[in-house]
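Notes for the one structure printed next.
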Amino acid sequence: MKRILPLLSITSLLIGGNLFAANKIKVVSATEDPASITREIGGDRVEVTSIGKGYQDPHFIEPKPSFLLLLKNADLLEVVGLELEIGWLPPLLDQSRNNDIRPGQKGYLDLSLGVEILDRPSGTINRSMGDVHPLGNPHYWLDPANAVRMAIEITNKLTELRPSDGPFFAQRLQNFKVRMNDANKRWVAEMAPFRGAKIVTYHPSWPNFARHFGLDIAGTVEPKPGIPPSPSHTLEIINLIKQQHIKVIVMEPYFDRKTPDFIGEKTGAKVVVLYPSVAGKAGLDDYFKLFDYDLNELTKALK
Ligand SMILES: [Zn+2]
């Protein structure tokens, strides 16, 4: 009897654990930012995994076999949309053979449909506009107002999938809105002295962010979205920074520092690495911590 007891308790733990896990809505997010907001809303009723990691360029995620299993078992797939994931997600989705999470199905949520999008192209779209961002700027999550809009979309979708938990999700959404409102007041106050400041960014990840905080993006190190720096464009940016006395070049952690550092040397502008996504580095565990960190780095550089 003494030998059986430990076995029994392990078995019951395993069964209990499995049952508990089975009750959770299994959410797979293309990137960390929707994942973070989904954890805020879903709490212990969801199990959220992000395919893209916060330190990776979301336009280019290297597919791994483990992603197929994640997608195969998912109840819900969240995408940023606007073709951010077009280079890597569609083949994974095809191979996962999970029809419930395909575009148009109940288990698919394109978050771009409920937020404010900037840089929407007018007229015909062609490759001369760059390699990415053909439908508008997909980095819209870097605006606290859009984070709230995403939270609302996520709440609606989780409620659709699990109506019995609707009041739970609604309560958590309310809580998220309050915390976001408080944090946003603090962030806006922190950035107030720098309203109207001009910056250069590596890639156009920051239009929503800049508009929210009243910054003016005067140019990008990339000649066009997704096109690597060229000598002639780099020279133009150097001249622009000198003429307009721009103090800061913002770059994402996954780009090569070579060109930004070169521009910095020629102009005296400071190169600042800002993280465009949650979990881009240790400690940036959620959307609030991401903005706390980025705004701290940015205000230090702009002073
Ligand atoms: Zn982009």
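Following our numbering, the numbering of the sequence shown begins with 27 at its first residue and continues without gaps.
Every residue, glycine too, gets a C-beta built ideally from N, C-alpha and C.
Per DSSP, the bridge partner or partners of residue i
{"i": "GLY245", "result": "VAL226"}
{"i": "MET277", "result": "VAL299"}
{"i": "GLY162", "result": "PRO160"}
{"i": "THR75", "result": "VAL54"}
{"i": "ASP136", "result": "VAL105"}
Closest residue to residue i among the options (Cα-Cα distance)
{"i": "LEU184", "options": "ASP318, LEU103, GLU58", "result": "LEU103"}
{"i": "ILE343", "options": "ILE67, PHE195, VAL174, GLY290", "result": "In the structure as shown, the chain begins at 27 and stops at 329. Residue 343 is therefore absent and cannot be evaluated."}
{"i": "GLU66", "options": "GLY149, ASP101, PHE194", "result": "PHE194"}
{"i": "LEU139", "options": "GLY240, ILE272, SER256, ASN163", "result": "ASN163"}
{"i": "GLY135", "options": "PHE86, ALA56, PRO233", "result": "Note on residue identity: the sequence assigns Leu, not Gly, to residue 135. Nearest of PHE86, ALA56, PRO233 to LEU135, Cα basis: ALA56."}
{"i": "VAL226", "options": "PRO219, HIS165, ARG188, LEU324", "result": "LEU324"}
{"i": "TYR313", "options": "ARG198, TYR228, PRO170", "result": "PRO170"}
{"i": "GLN270", "options": "GLY107, ILE243, ARG283", "result": "ILE243"}
{"i": "ASP126", "options": "ASN322, GLY240, LYS52", "result": "LYS52"}
{"i": "MET217", "options": "PRO254, ILE275, PHE317", "result": "PHE317"}
{"i": "LEU5", "options": "ASP83, TRP232, GLY245", "result": "This structure gives no information on residue 5, because the portion of the chain shown stretches from 27 to 329."}
{"i": "PHE93", "options": "HIS85, GLN121, LEU300", "result": "GLN121"}
{"i": "GLY68", "options": "ASP191, PHE235, ASN124", "result": "ASP191"}
{"i": "MET206", "options": "LYS315, ASP282, PRO254, LEU266", "result": "LYS315"}
{"i": "TRP167", "options": "VAL299, PHE86, ALA236, VAL72", "result": "ALA236"}
{"i": "VAL106", "options": "PRO89, ILE180, ARG71, GLU73", "result": "ILE180"}
{"i": "ASP83", "options": "TYR228, VAL72, GLU73, LYS50", "result": "TYR228"}
{"i": "SER256", "options": "HIS85, LYS284, ILE267", "result": "LYS284"}
{"i": "ALA295", "options": "GLU278, ILE143, ILE272, ARG198", "result": "ILE272"}
{"i": "PRO189", "options": "ARG71, VAL276, LEU115", "result": "ARG71"}
{"i": "GLU109", "options": "SER148, VAL299, GLY80, HIS165", "result": "HIS165"}
{"i": "PRO219", "options": "ASN234, PRO230, GLY240", "result": "GLY240"}
First and last residue of the uninterrupted alpha helix (DSSP H) at residue i
{"i": "GLU186", "result": "170 to 187"}
{"i": "ILE51", "result": "It is not in any alpha helix (DSSP H) - ILE51 instead sits in the beta strand (DSSP E) that spans 51 to 55."}
{"i": "LYS326", "result": "313 to 328"}
{"i": "SER258", "result": "257 to 270"}
{"i": "GLY290", "result": "284 to 293"}
{"i": "ASP208", "result": "192 to 217"}
{"i": "HIS238", "result": "233 to 239"}
The region 158 to 165 / the region 243 to 261 touching (three or more Cβ pairs under 8 angstroms): At 8 angstroms Cβ cutoff, the stretches touch.
Any 3 or more C-beta pairs closer than 8 angstroms across the region 200 to 208 and the region 124 to 138: Contact fails: fewer than three Cβ-Cβ distances are below 8 angstroms.
Contiguous alpha helix (DSSP H) assignments of at least 4 residues, all confined to the region 94 to 134: Fully enclosed alpha helix (DSSP H) runs of 4 or longer: 115 to 122.
Contact between the region 171 to 189 and the region 289 to 309 (3+ Cβ pairs under 8 angstroms): Using a Cβ-Cβ distance cut-off of 8 angstroms, the region 171 to 189 and the region 289 to 309 are not in contact, since fewer than three pairs of beta carbons, one from each stretch, lie closer than that value.
Inter-stretch contact at 8 angstroms, needing at least 3 Cβ pairs: the region 303 to 310 / the region 63 to 83: Yes, the region 303 to 310 is in contact with the region 63 to 83.
Segment contact, 8 angstroms Cβ cut-off, at least three pairs: the region 92 to 101 with the region 210 to 219: At 8 angstroms Cβ cutoff, the stretches do not touch.
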